[in-house]
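Just below is one structure, and these are the notes that go with it.
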Amino acid sequence: MEYRLITQAGEVPHSSHLISWPGSPLLAELDVPVLAEMAKSKELADSQFACAPFARITLIPQDSWQEADGLLANLRALLKTATSKTLLLDVTALENETVRSSVLRWLFNLDHSLEDLGLKSAEKPSRRVKTLVGFCNPSQQKKMQEAFHQQHAVALGMIAARRLADIPSETCTPQFVVEEAQRLCVEYPTLRCEILDEHEIQEQGLGLLHAVGKGSSRPPRLLAIHYSGADSGPVRAYVGKGITFDTGGLWLKEGAGMYTMKYDMCGAANVLGLMLSIAELGLPVRAMGVLALAENAIGPDAMQPGSVARACNGMTVEINNTDAEGRLVLADAIAWASQRNNNTRFIIDLATLTGAVVKALGYELSGLMTQDEPLRERLTQAGKISGDEVWSLPLDNRLKKQTESAIADLCNTPTNNAAISASAAWLLHHFCPPEIPWAHLDVSGTALWREGGRSVASGRPIPLLIEHLMSDLSRD
Ligand code: BES
Ligand code: MN
Ligand code: ZN
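So for the sequence shown, my numbering puts the first residue at 37; every next one is plus one.
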């Protein structure tokens, strides 16, 4: 979707769909008779008649522009099918930063479509908005320009991630994710892909990633995406869980619980999307995204409950539950990431790690687990500003018993059902050296959103992580 900003009523595009508010300075400048009547309404007013030079005019009450959920619900209904290819959005009332970024991001995400994959045979190409024109006051122009630019780049990453996650797992294998990432990254000279195949995974000692992937006919991969927007300085590292399908392994899931498990690679998809957003914004920073890609399948070679595997940092893990595979691939990827560069500013991992985080926090909040207080504060703050929020669960050595094993350094699941999400994070913390600030985001509840009664990939927490990175950069 293209976008531009205008500040003069004389520049309004003809035949567009104008969405504005009753007291807007724009309306006073326009000579459209129907506006006077519409502006009297206390409710949303919508007309496709007598609107010339517009194709449609919608006025949304001023107070509705102060709260994201309500405004998005209105926009969603209004733009179900687009009346016009051009949307003229009067952003003069979008003063609240959280509402502004949520709305712009949602609009730019309208470009997401799987229509070209041909999965639905009789699908008519839907009518879409092609151009977004924002109207603002001259005094707002700089701020709005930045917001449009940032949210456009965020949405670009989200769309790539959502698309990859939505693709069924028999197509979307570890190797497929690698190839898609390569295809997307060549567009940016600042991005470079480094790939470990199943042999290199073993050679470099990533025994946990190998253990998870070895049961599948679609072998595991480790993909590192390096971004160099600066020649020197610390590397910001992101690690994503990329289980392209989670059957649970020999600890097999029941059918209903398996249904959405093609989405168990959302963490990895969102790391890829994040790297694309960073590159699109051209941020002056070094960053690395690591995708731990494997299929948790059943078969004669599948890992067995009770087996022990060794991670690339030398620690051994007893695998008592094969369905707790995410923490295994992440542990190796976090340890690998921590060794890859000699100056790492932080490591943040994202994963659809536990169903329990949904029980604790629901579908709006991602679970944040960290022992680094500044990182917690900054991520929490970035969540509020971006509208992509996190909530902390406690993480400290009171969880020690949860990962004790009689025969190995650690076990991958506690035998009780206590503090499931935090116990997983406790296991992970052993794989990040204490001098590197590390945070874990459990996105099981937020990586999907409901759209027309179905669950589809949401692209969260890319908005959060871009906001966090940009505020981290402004601190340098
Ligand atoms: N991928 C699942 C977690 C999950 C479940 C995400 C439902 C989204 C929706 C993960 O690999 C898993 O199976 N976790 C187990 C952990 C348990 C074995 C300790 C779970 O949540 O049941
Ligand atoms: Mn699992
Ligand atoms: Zn899983």
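Cβ coordinates follow ideal geometry from the N, Cα and C atoms, glycine included.
Taking 7 Å as the cut-off, is the C-beta of residue i nearer than that to any heavy atom in the ligand BES?
| i | result |
| --- | --- |
| Asn357 | yes |
| Ser441 | no |
| Gly495 | no |
| Ser491 | no |
| Ile456 | yes |
| Ser480 | yes |
| Gly16 | Here the chain comprises residues numbered 37 to 512, so residue 16 is not present and cannot be evaluated. |
| Ala392 | yes |
| Leu500 | no |
| Leu389 | yes |
| Thr449 | yes |
Could you give the residue range of the alpha helix (DSSP H) that holds residue i?
| i | result |
| --- | --- |
| Ala328 | First-last for Ala328: Arg322 to Asn332, but that is the beta strand (DSSP E), not the alpha helix (DSSP H). |
| Ala91 | Note, Ala91: premise wrong, no alpha helix (DSSP H); not H, not E. |
| Ile314 | Cys302 to Leu317 |
| Ser138 | Glu133 to Phe144 |
| Val68 | Looking at the DSSP string, Val68 is not in any alpha helix (DSSP H), and its letter there is neither H nor E. |
| Ala109 | Ala104 to Leu114 |
| Ala292 | Gly291 to Met294 |
Which residues does DSSP pair with residue i in a beta bridge?
| i | result |
| --- | --- |
| Val353 | Ala345 and Leu446 |
| Arg40 | Val169 |
| Ile279 | Ala330 |
| Tyr521 | It is not possible to answer for residue 521, since the shown part of the chain is limited to 37 through 512. |
| Leu29 | The chain is shown from 37 up to 512; residue 29 falls before or after that span and cannot be answered. |
| Ala81 | Leu95 |
| Ala273 | Met324 and Ile383 |
How about residue i: is its Cβ closer than 7 Å to a heavy atom in the ligand MN?
| i | result |
| --- | --- |
| Ser335 | Here residue 335 turns out to be Gly, not Ser, going by the sequence shown. Because no heavy atom of the ligand MN lies under 7 Å away, the Cβ of Gly335 does not count as near it: no. |
| Ala360 | yes |
| Asn533 | Residue 533 is absent from the model: the chain starts at 37 and stops at 512. |
| Asn332 | yes |
Taking the beta strand (DSSP E) that residue i belongs to, which residues open and close that run?
| i | result |
| --- | --- |
| Arg257 | Arg257 to Ser264 |
| Thr122 | Thr122 to Asp126 |
Determine whether the Cβ of residue i lies closer than 8 Å to any Cβ atom of chain B.
| i | result |
| --- | --- |
| Lys160 | The structure shown contains no chain B, having only a single protein chain. |
At a threshold of 7 Å, does residue i count as lining the ligand GDP (C-beta to nearest heavy atom)?
| i | result |
| --- | --- |
| Gly284 | Among the ligands in the structure shown, the ligand GDP does not appear; only the ligand BES, the ligand MN and the ligand ZN can be found there. |
Pocket of the ligand ZN defined by Cβ to heavy atom distance under 5 Å:
Ile279, Asp282, Asp300 and Gly362
Could you name each continuous alpha helix (DSSP H) segment of 4 residues or more that falls completely within the segment 223–251, going from the start of the chain to the end?
As for any alpha helix (DSSP H) of minimum length 4 sitting wholly inside the segment 223–251, the runs are 234–239 and 243–249, ordered along the chain.
Every unbroken beta strand (DSSP E) within the segment 375–432, with a cutoff of 3 residues, ordered by chain:
Whole beta strand (DSSP E) segments, 3+ residues: 380–387, 402–406 and 426–428.
Which ranges would you report for the beta strand (DSSP E) in the segment 461–507 if only whole runs of at least 3 residues count?
Fully enclosed beta strand (DSSP E) runs of 3 or longer: 474–478, 484–487 and 490–493.
As an exercise, report each continuous alpha helix (DSSP H) stretch of at least 4 residues that is fully enclosed by the segment 191–225, in chain order.
210–221
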